[in-house]
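Asks: Handing you a structure now.
Number of protein chains: 2
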Amino acid sequence: MTFRVGVIGGGQLARMMVPPAIELGIDIKVLAESEGMSAAIAATGVGDYTDRDTVLAFAETVDVVTFDHEHVPQAVLRALVDAGVPVHPGPDALQFAQDKLRMRERLGELGIPMPDWAAVSTVEQLDDFIAEHGGSAVVKTARGGYDGKGVRVVTAAAQVEEWFLALDEDGRGGALLAEELVDFRRELAQLVARRPSGAVTLWPVVESVQQNGVCAEVFAPAPRSAGRVAEMAARIGTTIAEELGVTGVLAVELFETTDERILVNELAMRPHNTGHWTIDGSTTSQFEQHLRAVLDLPFGATGHRAPWSTMINILGGPADGDLDGPAAAALADQPTAKLHLYGKEPRAGRKIGHVTVSGDDLDEVVFSARAAAAFFQN
Amino acid sequence: MTFRVGVIGGGQLARMMVPPAIELGIDIKVLAESEGMSAAIAATGVGDYTDRDTVLAFAETVDVVTFDHEHVPQAVLRALVDAGVPVHPGPDALQFAQDKLRMRERLGELGIPMPDWAAVSTVEQLDDFIAEHGGSAVVKTARGGYDGKGVRVVTAAAQVEEWFLALDEDGRGGALLAEELVDFRRELAQLVARRPSGAVTLWPVVESVQQNGVCAEVFAPAPRSAGRVAEMAARIGTTIAEELGVTGVLAVELFETTDERILVNELAMRPHNTGHWTIDGSTTSQFEQHLRAVLDLPFGATGHRAPWSTMINILGGPADGDLDGPAAAALADQPTAKLHLYGKEPRAGRKIGHVTVSGDDLDEVVFSARAAAAFFQN
Chain A
75 MTFRVGVIGG GQLARMMVPP AIELGIDIKV LAESEGMSAA IAATGVGDYT DRDTVLAFAE
135 TVDVVTFDHE HVPQAVLRAL VDAGVPVHPG PDALQFAQDK LRMRERLGEL GIPMPDWAAV
195 STVEQLDDFI AEHGGSAVVK TARGGYDGKG VRVVTAAAQV EEWFLALDED GRGGALLAEE
255 LVDFRRELAQ LVARRPSGAV TLWPVVESVQ QNGVCAEVFA PAPRSAGRVA EMAARIGTTI
315 AEELGVTGVL AVELFETTDE RILVNELAMR PHNTGHWTID GSTTSQFEQH LRAVLDLPFG
375 ATGHRAPWST MINILGGPAD GDLDGPAAAA LADQPTAKLH LYGKEPRAGR KIGHVTVSGD
435 DLDEVVFSAR AAAAFFQN
Chain B
75 MTFRVGVIGG GQLARMMVPP AIELGIDIKV LAESEGMSAA IAATGVGDYT DRDTVLAFAE
135 TVDVVTFDHE HVPQAVLRAL VDAGVPVHPG PDALQFAQDK LRMRERLGEL GIPMPDWAAV
195 STVEQLDDFI AEHGGSAVVK TARGGYDGKG VRVVTAAAQV EEWFLALDED GRGGALLAEE
255 LVDFRRELAQ LVARRPSGAV TLWPVVESVQ QNGVCAEVFA PAPRSAGRVA EMAARIGTTI
315 AEELGVTGVL AVELFETTDE RILVNELAMR PHNTGHWTID GSTTSQFEQH LRAVLDLPFG
375 ATGHRAPWST MINILGGPAD GDLDGPAAAA LADQPTAKLH LYGKEPRAGR KIGHVTVSGD
435 DLDEVVFSAR AAAAFFQN
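And the structure:
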């Protein structure tokens, strides 16, 4: 094909778009933050994604612009749109991924089930919220958080006092997001893709296990989710994609509560860690589907290739920084494991890769994937 | 991983090594014949693969050298080995892929079943061979042939007279390869991979259908091959890989004769068109396995992800040169089809891509793959 897709940001999500771009014959170009990033093989430029001129110049080399992350400022996104560049997802959708208060407000208007929440501008307001919600709350900064950063569980407003001070300092007033601490049985994620022309496609809802606020394991499909749970997750995902005008891949992180409700936790408007299993486990991966979506090409099938897939993140990596030994050991020990490394240096807590195993028996694929990933934790 | 694999040649086989290299975290570099080739995204240099200094300089940037094709001259290969560069497959093995007379001679020593053959240096010798084999023969140039080039079915030696003249002109004496015209039921292919340390792995034997000497369709596994046929193909493939010291992927093209014999037709010491189905249809693709093999890393599992896979080549392409329209139509019509385009301009008979479909029913996957590929034949 002659299509040229430009990705802003050179992290592992951009990297994982490269294989399907190569397979489909799509020319992929990446504007990376610095040299030697994960997506370096497709990097045609290095520059600041907050700089309007840098991004506009990059956009001139491609047919459509999409993203490795959600941090491109609205002003830059609007400048792209004003210049006639197709941007997917566009600024009108991305604002809800960039600002959690706006997201909560909008989802509320749509009647989407969520944890109780409030915008709190003062210590007093937060303490009131905590008192009304059983003595605890989850507090989030509205902007800039990811992978557990900018999220804190508190029992008193004083525990996020510096966040309130930062709000004062930014001079815009502003507020923090307070949410009820949900009594959840497990976390789920619904992955959706939507084309600019409107078509929506979904993968099966998955279960995700977080460690320290970071996705650690994903089971696909979510065990015991057939029927009501899958239907609710699909309905929520479709509604959000359509009503917020999301284009490309949307991930909706969900709580399944102990009282059988499905509540929206977070949104991500890009390929997402909870969808990495699709590279090996689905007929069409989230990365291929994202490319198809942003080019408004027809979707591929989203059925799973095996009854079960498990994805385990490789977090941190070996203390001595050597990935070759663990990789060889993992490949030798687990011949069915699909190993993915992101070209990143090991560092405590850092996502440097993942392992996926697919098969007929959930216990076996979980064991095998964990066994392979464990070689990197020495 | 920190491994760097260098691929000589920038065609579609090098291109298709790039996705698994990215997934595994292997640094892949390509020495391309010219700018803008299929594997351009990984090209770190453009140069003449017959030039010793060019190839040696490229080899200094990588840990192991492998190939997109079998045309690197023995002298250049030996220079690499002499310089201490790991080369896979090595010159001792590659000589049998580069010279069909040597291949026939060596397979004969190993007792591998083959068509009757003879080295013929004169028109008289060839006419004698034709007379002894029912009035026809397949004549092949010993070197330089591929995709049906350098292969001719004849009933009289005069039909390849210019090939004999060329033999005289090259001043080395030399000979053509004459083979009996085998009465075959179908063609099969056995794909094998072998590590330098000795381990061998095999995919299921497949059936291939040729059109005008070019692979057109592949059915995997070969229908009605379980048992004796699969065992014979596996034994032949393993013996050749081991006895010829092949490292990396080896493809053995086979005839299944009407009198139930399995005969070796051709060898290729690289990933092969009859193995493209493994990208989507096998737990480990031939391209990933080739990378693992040349790095002497443990092999991945070679089981199929679905009972049946069919691969259909896209040959030639649309007369108007537009791939975008057919691609969009194919994706819309066949959501389970995996489309692969090689970044090549359409030209009569040229391999510009392929389609793979996997599923439970052979008739359905064949229909679906053919339907998708047909959009490119307008």
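Chains as they are written, first to last, in the numbering used here: chain A, 75 to 452; chain B, 75 to 452. We treat Cβ as the ideally placed atom computed from N, Cα and C, and that holds for glycine.
Could you check which residue in A:D396, A:L436, A:E362 and A:E107 has the C-alpha nearest to that of H346 (chain A)?
Replies: A check of alpha carbon separations from H346 (chain A) across A:D396, A:L436, A:E362 and A:E107 identifies A:E362 as the nearest.
Asks: What residues from chain A crowd round G80 (chain B), counting only those whose CB sits closer than 8 Å?
Replies: Near G80 (chain B) there are no residues of chain A at all, since even the closest Cβ is about 15 Å away, more than 8 Å.
Asks: Taking the C-alpha atoms as reference points, what is the distance between D455 (chain B) and R260 (chain A)?
Replies: With chain B covering 75 to 452 only, the question about residue 455 (chain B) has no answer from this structure.
Asks: Does the stretch 398-413 of chain B come close enough to the stretch 305-325 of chain B that 3 or more CB-CB pairs lie under 8 Å?
Replies: No: fewer than three Cβ pairs fall under 8 Å.
Asks: So which residues on chain A does L415 (chain B) lean against when the C-beta distance must stay under 7 Å?
Replies: M75, L98 and G99
Asks: Taking the CB atoms as reference points, tell me whether A290 (chain A) and I386 (chain A) lie closer together than 9 Å.
Replies: Judged by their CB atoms, A290 (chain A) and I386 (chain A) are nearer to each other than the 9 Å cut-off.
Asks: Between F132 (chain B) and the ligand ATP, is there a pair consisting of the residue's CB and a ligand heavy atom that are separated by less than 8 Å?
Replies: Among the components of this structure there are no ligands whatsoever, and the ligand ATP is therefore not found.
Asks: For A342 (chain B), write down the residues that DSSP places opposite it in a beta bridge.
Replies: B:A325
Asks: For F361 (chain B), which three-state DSSP category applies?
Replies: helix
Asks: Determine, for I115 (chain B), whether the minimum Cβ-Cβ distance to residues of chain A falls below 9 Å.
Replies: At least one chain A Cβ lies under 9 Å of I115 (chain B).
Asks: Apart from the five residues on each side of it in sequence, which residues of its chain come closer than 7 Å, Cβ to Cβ, to R178 (chain A)?
Replies: M188, W191 and L251
Asks: Determine, for K425 (chain B), whether the minimum Cβ-Cβ distance to residues of chain A falls below 9 Å.
Replies: no
Asks: To the nearest angstrom, how far is it from the Cα of P381 (chain B) to the Cα of V136 (chain B)?
Replies: 38 Å
Asks: Using DSSP with H/G/I as helix, E/B as strand and the rest coil, what is E253 (chain A)?
Replies: strand
Asks: Mind the definition here: the stretch 228-241 of chain A touches the stretch 265-279 of chain A only if three or more C-beta pairs lie below 8 Å; say whether that holds.
Replies: The stretch 228-241 of chain A vs the stretch 265-279 of chain A: no contact.
Asks: Have a look at V65 (chain A) and R335 (chain B) and give me their C-alpha separation to the nearest angstrom.
Replies: The question about residue 65 (chain A) has no answer here: the residues shown for chain A are numbered 75 through 452.
Asks: Take the Cβ of R366 (chain B) as the centre, count every other Cβ of all protein chains shown within 10 Å, and call the residue buried at 16 or more, exposed below.
Replies: The C-beta of R366 (chain B) has 16 or more other C-beta atoms within 10 Å across all chains shown, which makes the residue buried.
Asks: Can you have a look at S432 (chain A) and say buried or exposed, based on whether 16 or more other CB atoms are within 10 angstroms of its CB?
Replies: buried
Asks: Taking the continuous beta strand (DSSP E) assigned at G441 (chain B), which residues delimit it?
Replies: Looking at the sequence provided, one finds Phe at residue 441 (chain B) rather than Gly. Per DSSP, F441 (chain B) belongs to no beta strand (DSSP E); it is in the alpha helix (DSSP H), L436 to A448.
Asks: Once the 5 residues before and after H428 (chain A) are set aside, which same chain residues still bring their CB inside 7 Å of it?
Replies: H350, M385, I386, N387, I388 and H414
Asks: Within its chain, find whatever has a CB closer than 7 Å to the CB of V256 (chain B); leave out the 5 residues flanking it on each side and keep chain order.
Replies: P189, F329, T331 and L337
Asks: Below 9 Å between beta carbons: does that hold for L265 (chain B) and T321 (chain B)?
Replies: no
Asks: Tell me the DSSP bridge mates of D101 (chain A)?
Replies: A:R78
Asks: In the DSSP assignment, the alpha helix (DSSP H) including I186 (chain A) goes from what residue to what residue?
Replies: Element bounds for I186 (chain A): n/a, residue is neither H nor E.
Asks: Check for me: the beta strand (DSSP E) holding L154 (chain B) runs from which residue to which?
Replies: Counting along the chain, L154 (chain B) falls outside any beta strand (DSSP E), though it belongs to the alpha helix (DSSP H) covering Q148 to D156.
Asks: Any chance you could list the alpha helix (DSSP H) runs of at least 4 consecutive residues sitting entirely within the stretch 257-333 of chain B, in chain order?
Replies: 302-317
Asks: In or out: D142 (chain A) buried (at least 16 other Cβ within 10 Å) or exposed?
Replies: buried
Asks: Going along chain A, which residues have a C-beta under 7 Å from P375 (chain B)?
Replies: The residue you asked about is not Pro; residue 375 (chain B) is Ala in the sequence shown. Ordered by position in chain A, the residues that pass the 7 Å Cβ test against A375 (chain B) are P409 and T410.
Asks: Whole angstroms are fine: how far does the CA of D101 (chain B) sit from the CA of L168 (chain B)?
Replies: 24 Å
Asks: Apart from the five residues on each side of it in sequence, which residues of its chain come closer than 8 Å, Cβ to Cβ, to S299 (chain B)?
Replies: L262, P278, V279, E281 and A307
Asks: I believe F373 (chain A) touches A404 (chain A) by the beta-carbon criterion, under 8 Å. Please report the beta-carbon distance rounded to the nearest angstrom.
Replies: That pair is no contact at about 33 Å.
Asks: Should Q360 (chain A) be labelled buried (16 or more other beta-carbon atoms within 10 Å of its own) or exposed?
Replies: buried
Asks: Assign W351 (chain B) to one of three DSSP states: helix, strand, or coil.
Replies: coil
Asks: Check this for me: beta carbons of G395 (chain B) and A114 (chain B), under 9 Å apart or not?
Replies: no
Asks: Closer than 8 Å by beta-carbon distance: list the chain A residues that pair up with D398 (chain B), in chain order.
Replies: Chain A residues near D398 (chain B): M75, T76 and F77.
Asks: Start and end of the beta strand (DSSP E) containing D128 (chain A)?
Replies: A small correction: the amino acid at residue 128 (chain A) is Thr; Asp does not occupy that position in the sequence shown. Looking at the DSSP string, T128 (chain A) is not in any beta strand (DSSP E); the run it does join, the alpha helix (DSSP H), is R126 to A133.
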